[in-house]
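Remarks on the structure that follows.
2 protein chains.
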Amino acid sequence: MTTAPSHDWLGTLADDRLSQDRARAERVADKLRDRMLDGELTPGLQLNEKAISEALGISRNTLREAFRLLTHERLLVHEHSRGVFVCEPGVEEVADIYAARRVIECGAIRRWADATEEARQGVRDAVAFGVRGAETDNWLDVGTANIRFHRAITALAGSLRLDEEVQRLLAELRLAFYVMGNPREFYQDYLPMNQAILALLDADSVAEAEQELLRYFDTAESHLVTRLSGP
Amino acid sequence: MTTAPSHDWLGTLADDRLSQDRARAERVADKLRDRMLDGELTPGLQLNEKAISEALGISRNTLREAFRLLTHERLLVHEHSRGVFVCEPGVEEVADIYAARRVIECGAIRRWADATEEARQGVRDAVAFGVRGAETDNWLDVGTANIRFHRAITALAGSLRLDEEVQRLLAELRLAFYVMGNPREFYQDYLPMNQAILALLDADSVAEAEQELLRYFDTAESHLVTRLSGP
DNA sequence: AGGTAAGGATTGTTCAACAATCCTTCAATA
DNA sequence: TATTGAAGGATTGTTGAACAATCCTTACCT
Numbered sequence: 001m002t003t004a005p006s007h008d009w010l011g012t013l014a015d016d017r018l019s020q021d022r023a024r025a026e027r028v029a030d031k032l033r034d035r036m037l038d039g040e041l042t043p044g045l046q047l048n049e050k051a052i053s054e055a056l057g058i059s060r061n062t063l064r065e066a067f068r069l070l071t072h073e074r075l076l077v078h079e080h081s082r083g084v085f086v087c088e089p090g091v092e093e094v095a096d097i098y099a100a101r102r103v104i105e106c107g108a109i110r111r112w113a114d115a116t117e118e119a120r121q122g123v124r125d126a127v128a129f130g131v132r133g134a135e136t137d138n139w140l141d142v143g144t145a146n147i148r149f150h151r152a153i154t155a156l157a158g159s160l161r162l163d164e165e166v167q168r169l170l171a172e173l174r175l176a177f178y179v180m181g182n183p184r185e186f187y188q189d190y191l192p193m194n195q196a197i198l199a200l201l202d203a204d205s206v207a208e209a210e211q212e213l214l215r216y217f218d219t220a221e222s223h224l225v226t227r228l229s230g231p
Numbered sequence: 232m233t234t235a236p237s238h239d240w241l242g243t244l245a246d247d248r249l250s251q252d253r254a255r256a257e258r259v260a261d262k263l264r265d266r267m268l269d270g271e272l273t274p275g276l277q278l279n280e281k282a283i284s285e286a287l288g289i290s291r292n293t294l295r296e297a298f299r300l301l302t303h304e305r306l307l308v309h310e311h312s313r314g315v316f317v318c319e320p321g322v323e324e325v326a327d328i329y330a331a332r333r334v335i336e337c338g339a340i341r342r343w344a345d346a347t348e349e350a351r352q353g354v355r356d357a358v359a360f361g362v363r364g365a366e367t368d369n370w371l372d373v374g375t376a377n378i379r380f381h382r383a384i385t386a387l388a389g390s391l392r393l394d395e396e397v398q399r400l401l402a403e404l405r406l407a408f409y410v411m412g413n414p415r416e417f418y419q420d421y422l423p424m425n426q427a428i429l430a431l432l433d434a435d436s437v438a439e440a441e442q443e444l445l446r447y448f449d450t451a452e453s454h455l456v457t458r459l460s461g462p
C-alpha cells in the first residue's frame with residue numbers, strides 16, 4: 001500500500017465515517033425530515049410504503065423503520081392498518097407545545113448568570129445572524145436564526161436532554177408554520193423581540209428578559225392559532 | 232349469523248380491540264421494561280436479539296421494534312452493529328437529568344395558581360399515597376408515590392409533551408437507583424420534603440415551595456452522585 | 001337511498017437468507 | 001514480550017417474499 005499524500009485528511013475522514021456509520025434507516029429519516037421541513041411533504045399527506053421504498057431503492061422494512069423514527073419525533077402519525085401521515089398540528093397541539101416551551105425556555109433563561117460564557121455567546125451569535133439576514137433581505141436566514149435563538153436560550157440550562165426536547169418541539173412547530181404563507185411577515189416581528197431580550201440579558205435584567213420572552217410566546221402562539229382556526 | 236346474547240358486551244370489546252391494537256412490540260417492551268426496573272436486567276448488560284426473540288416466541292423484527300421503543304425512553308442504548316445494552320447512567324447523565332428536572336419542575340410548580348383544580352388534586356393525592364405507604368411500612372409504595380408526586384408537579388403546566396419528557400427522565404433515573412441498595416433509606420427522607428412542598432403550595436407560598444423543591448433536587452442528586460462515584 | 005357483498009389495494013407480521021460488522025483467538029514477526 | 005495481522009465465529013443489518021389482516025372503493029340488490 002502506498003502512503004497517502006500528507007493532507008489534512010483525518011478531519012474529512014472522520015466526517016465520512018460518521019455518515020457511513022449511521023444506519024440506512026436513519027439516513028432515510030433525515031431525507032424525509034428535510035422534505036417535510038422544507039414544506040415539500042405537506043401536513044396530512046399519506047406516505048405510501050411501496051411507492052416510497054421503491055423510489056428510494058430500499059426495502060419496505062427499512063422504510064418502516066425510518067417511519068418509526070420520525071413518528072417518535074412526532075413528525076409523522078401512525079394509524080393502525082391505515083398508514084403513516086405527515087402530522088398536521090392543530091390548535092390543541094400548538095397550545096401544548098407552547099405550554100412546554102414557556103416552562104422550559106423561561107426556566108433556562110433564568111440561568112443566564114450561571115450559564116457558561118460559551119452558552120451566553122451562543123445567544124448573541126444567534127441574534128447577530130438574524131440581524132445580518134434581515135439586512136441582506138434573506139428572510140429564510142431570519143427564520144432559522146429565530147430557531148437558533150431559542151435553542152441557544154435552552155442551552156443556557158446546560159442539559160442535553162432539554163436541548164433535544166426543544167429541538168423536537170421546534171421541529172413539530174415548523175409543521176404548523178406551513179400555514180403561514182409569507183415567512184417574512186411572520187418573522188420580521190420576532191427579530192426585534194429577540195434583540196430586546198438579548199439587550200436585557202446583557203444588562204443583567206434577567207427577570208425583565210423573561211417577561212419579554214413570555215410576551216413573545218403569547219404573540220407567536222396567538223399568531224399561529226388565529227391562522228389555524230381562522231380561514 | 233346468530234345474534235350474541237345481550238350482554239354489556241361493547242365495553243369488553245373495546246378493551247379487546249385496544250389491546251389487540253397495541254402492537255405486539257409494545258407488550259414486549261413492557262415486559263422488558265419491568266425486568267429492567269426490577270433490577271433483573273442490570274445496567275450494562277447486552278440484549279441478544281436471537282436468544283430473546285426465541286425465548287419470547289416472537290420474530291426478531293418485532294423484538295427490534297421493542298428495542299427501539301425502549302431506546303427512545305433512554306432505557307437502552309443502541310450501538311451500531313454491536314447491539315443494544317441496558318443503559319448505565321453515570322455522573323454526567325445524572326447531572327444532566329437533574330438540570331432538566333430543575334428547569335421543568337420548577338417552571339411547572341410556579342403555575343400552581345393557574346393550574347386546573349384536577350391537577351392540584353393530583354399533587355395532594357400523590358402525597359397522601361406516600362403517607363399511607365409509610366404508615367403501613369410499604370416502602371415500595373413510598374417510592375412510587377415519590378415518582379407520582381413529581382409527575383403530578385409536572386402536570387401542573389398542562390402540557391402532555393412535558394409530562395412525557397419527565398416520565399422519560401424519571402425512568403432513566405430508576406436505572407441509576409439500582410445502585411442504591413435500601414429503598415427505604417433512600418425514600419424516607421423525601422416524603423417529608425414532599426409534604427412540606429405541598430403545605431407551602433396549599434398556603435399559596437409558591438415561591439417558597441419552589442425553593443424547597445430545589446433543595447430536594449440538590450440533596451437527591453448529591454445522594455446519587457456520591458453513591459455512583461463512590462465505592 | 002341505504003345497506004351489503006365482493007374486490008383490490010395497503011398495511012401488519014413473520015421468516016429465511018445473505019451481507020456487513022464486530023470480537024476473539026491464535027500465530028507470526030520484529 | 002509486545003504488536004500486528006489473519007482467520008473464524010458470532011451478532012447485527014438489510015432485503016425480499018409470503019401470507020394474514022384491515023381498509024377503501026365499487027357495484028349490486030332491495
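So the protein lines, in turn, are chains A and B.
The first sequence: position 183 = 183 (this note's numbering), numbered continuously.
The second sequence: position 85 = 316 (this note's numbering), numbered continuously.
Here a beta-carbon is modelled for each residue, glycine too, at the ideal position from N, C-alpha and C.
- Message: For a quick check, are the C-beta atoms of B/Ile378 and B/Leu444 less than 7 Å apart?
- Response: Position 147 of the second sequence, counting from 1, holds the residue named residue 378 of chain B. Position 213 of the second sequence, counting from 1, holds the residue named residue 444 of chain B. No; because the gap between Cβ atoms is not below 7 Å, this pair is not in contact.
- Checking contacts by CB at 7 Å: is B/Arg392 closer than that to chain A? For the purposes of this step, residue 392 of chain B is taken as the residue at position 161 of the second sequence. Closer than 7 Å: yes.
- Item | Helix, strand or coil at A/Gly11 according to DSSP, with G and I counted as helix | For the purposes of this step, residue 11 of chain A is taken as the residue at position 11 of the first sequence. At A/Gly11 the pLDDT is 40, less than 50, meaning the model places this residue with poor confidence and gives no usable figure here.
- Should A/Leu233 and A/Arg215 be called a contact, given that it needs their Cβ atoms to be closer than 7 Å? Nothing about residue 233 of chain A can be reported from this structure: the residues present for chain A run from 1 to 231 only.
- Query: Exposed or buried, which one is B/Glu396 when buried takes at least 16 other CB atoms within 10 Å?
  - Reply: One-based indexing of the second sequence puts residue 396 of chain B at position 165. Counting Cβ neighbours within 10 Å, B/Glu396 comes out buried, since at least 16 surround it.
- Looking only at DSSP bridge pairs, what is A/Glu79 linked to? In the first sequence, the residue the question calls residue 79 of chain A occupies position 79. A/Glu79 is bridged by DSSP to A/Gly83.
- Query: Whose C-beta lies closer than 7 Å to the C-beta of A/Thr154 among residues of the same chain, with five residues either side of it excluded?
  - Reply: What you label residue 154 of chain A is simply residue 154 of the first sequence in a count that begins at 1. Once the five neighbours on either side are set aside, the close Cβ partners of A/Thr154 are Ile104, Glu105, Ala108, Leu162, Asp163 and Val166.
- With 7 Å as the threshold, decide whether the Cβ of B/Ile193 is near any Cβ in chain A. Outside the shown range of chain B, which is 232 to 462, sits residue 193 of chain B, and nothing can be said about it.
- Quick one: what does DSSP say B/Leu431 is sitting in, helix, strand or coil? For the purposes of this step, residue 431 of chain B is identified with residue 200 of the second sequence, where counting begins at 1. Per DSSP, reduced to three states, the secondary structure at B/Leu431 is helical.
- Taking the runs of the alpha helix (DSSP H) that are 4 residues or longer, which of them lie wholly in the segment 120-163 of chain A? 139-155
- Message: Here's a check: name, in chain order, each residue in its chain whose Cβ is nearer than 7 Å to the Cβ of A/Leu173, leaving out the five neighbours to either side.
- Response: Translated into the one-based positions of the first sequence, residue 173 of chain A becomes position 173. So the list reads Ile97, once near-sequence residues are dropped.
- Message: What would DSSP say about A/Gln167, mapped onto helix, strand or coil?
- Response: Position 167 of the first sequence holds residue 167 of chain A. Three-state DSSP puts A/Gln167 in a helix.
- Classification of A/Ser59 by the beta-carbon crowding that lies within 10 angstroms, buried from 16 upward: As a working mapping, residue 59 of chain A is identified with position 59 in the first sequence. Answer is exposed; the Cβ neighbour count stays below 16.
- Under the assumption that A/Leu228 contacts A/Val179 (Cβ atoms under 8 Å), give the Cβ distance between them as a whole number of angstroms. Counted from its first residue, the first sequence places residue 228 of chain A at position 228. Counted from its first residue, the first sequence places residue 179 of chain A at position 179. The Cβ separation is near 6 Å, so the contact holds.
- Message: If you reduce the DSSP assignment to three classes, tell me which class A/Leu228 lands in.
- Response: Against the first sequence, residue 228 of chain A aligns to sequence position 228. Note: A/Leu228 maps to helix in three-state DSSP.
- Query: Hey, how far is the Cα of B/Asp252 from the Cα of A/Glu221?
  - Reply: The sequence position of residue 252 of chain B within the second sequence is 21, counting from 1. The sequence position of residue 221 of chain A within the first sequence is 221, counting from 1. The predicted position of B/Asp252 is uncertain, since its pLDDT is 34 and thus under 50; no value can be drawn from it.
- Message: Rounded to the nearest angstrom, what separates A/Val127 and A/Tyr190 at their Cα positions?
- Response: In the first sequence, counting from the first residue as 1, residue 127 of chain A sits at position 127. In the first sequence, counting from the first residue as 1, residue 190 of chain A sits at position 190. The straight-line gap from Cα to Cα measures roughly 11 Å.
- Message: Do B/Leu400 and B/Ala330 count as a contact pair if the criterion is CB distance below 7 Å?
- Response: The residue you call residue 330 of chain B lines up with position 99 of the second sequence. The residue you call residue 400 of chain B lines up with position 169 of the second sequence. No; because the gap between Cβ atoms is not below 7 Å, this pair is not in contact.
- Task: Taking C-beta pairs closer than 7 Å, name the residues in chain A that B/Leu328 reaches, listed in chain order.
- Result: Stepping through the second sequence from its first residue, residue 328 of chain B is reached at position 97. The sequence shown places Ile at residue 328 of chain B, rather than the Leu named in the question. Ordered by position in chain A, the residues that pass the 7 Å Cβ test against B/Ile328 are Arg161.
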